[in-house]
Amino acid sequence: MMRIATGLVLAALLATPALAQNAAPPPAAASANAFSADTPLEAVVANPAAKAALDKTLPALAKHPAFEQFKGMSLRELQAYAEGQITNEMIAKVDADLKALSTKP
């Protein structure tokens, strides 16, 4: 029984480097700076210009007591849980402001 368990552990360890070599390359730097209403809020808030664009329309969102719980969601995803407090118009405004940041040099 011990030999089987040891064999399985060794097989897993030996297979790991091969799996890592087949992993997709990280996204290009240009796409890392592209923001929209579909970008996770955590990434938006981490960028000062993007956070300012979000705060312009939704100033209290990043300060919400539950932010840590929903920071992995995009604004568009969060809307479903906001009980009407995040409107389509708000999302469109934030989305436009965030996309405008991506076009600046």
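Using our numbering, the first residue of the sequence shown is number 1, and each one after it goes up by one. Every residue gets a Cβ at the ideal spot worked out from N, C-alpha and C, and that includes glycine.
Residue i classed as buried or exposed, judged by whether at least 16 other C-beta atoms fall within 10 angstroms
| i | result |
| --- | --- |
| Thr103 | exposed |
| Thr39 | buried |
| Ala50 | buried |
| Ala46 | exposed |
| Ala80 | exposed |
DSSP state of residue i mapped onto helix, strand, coil
| i | result |
| --- | --- |
| Pro65 | coil |
| Pro40 | strand |
| Leu58 | coil |
| Ile91 | helix |
| Gln85 | coil |
| Phe46 | Just to set this straight, residue 46 is Ala in the shown sequence, not Phe. If DSSP states are grouped into helix, strand and coil, Ala46 belongs with the helices. |
| Ala80 | coil |
| Ala34 | coil |
Integer-rounded CB distance, given that residue j should sit under 8 Å from residue i
| i | j | result |
| --- | --- | --- |
| Ile86 | Leu101 | That belief does not hold up - the Cβ atoms of Ile86 and Leu101 are roughly 20 Å apart, past 8 Å. |
| Ala52 | Asp95 | Actually they do not touch by this definition, with Cβ atoms about 15 Å apart. |
| Leu78 | Phe70 | 6 Å |
DSSP bridge partner residues for residue i (one or two, in chain order)
| i | result |
| --- | --- |
| Ser74 | Pro40 |
Residue i: CB within 7 Å of a non-hydrogen atom of the ligand ZN
| i | result |
| --- | --- |
| Ala53 | For the ligand ZN, the structure offers nothing, since it holds no ligand at all. |
Residue nearest to residue i in terms of C-alpha spacing, selected from the options
| i | options | result |
| --- | --- | --- |
| Glu42 | Gly72, Asp97, Gln79, Ala92 | Gly72 |
| Lys56 | Ala66, Pro65, Val44 | Val44 |
| Leu54 | Phe70, Phe35, Glu83, Glu68 | Phe35 |
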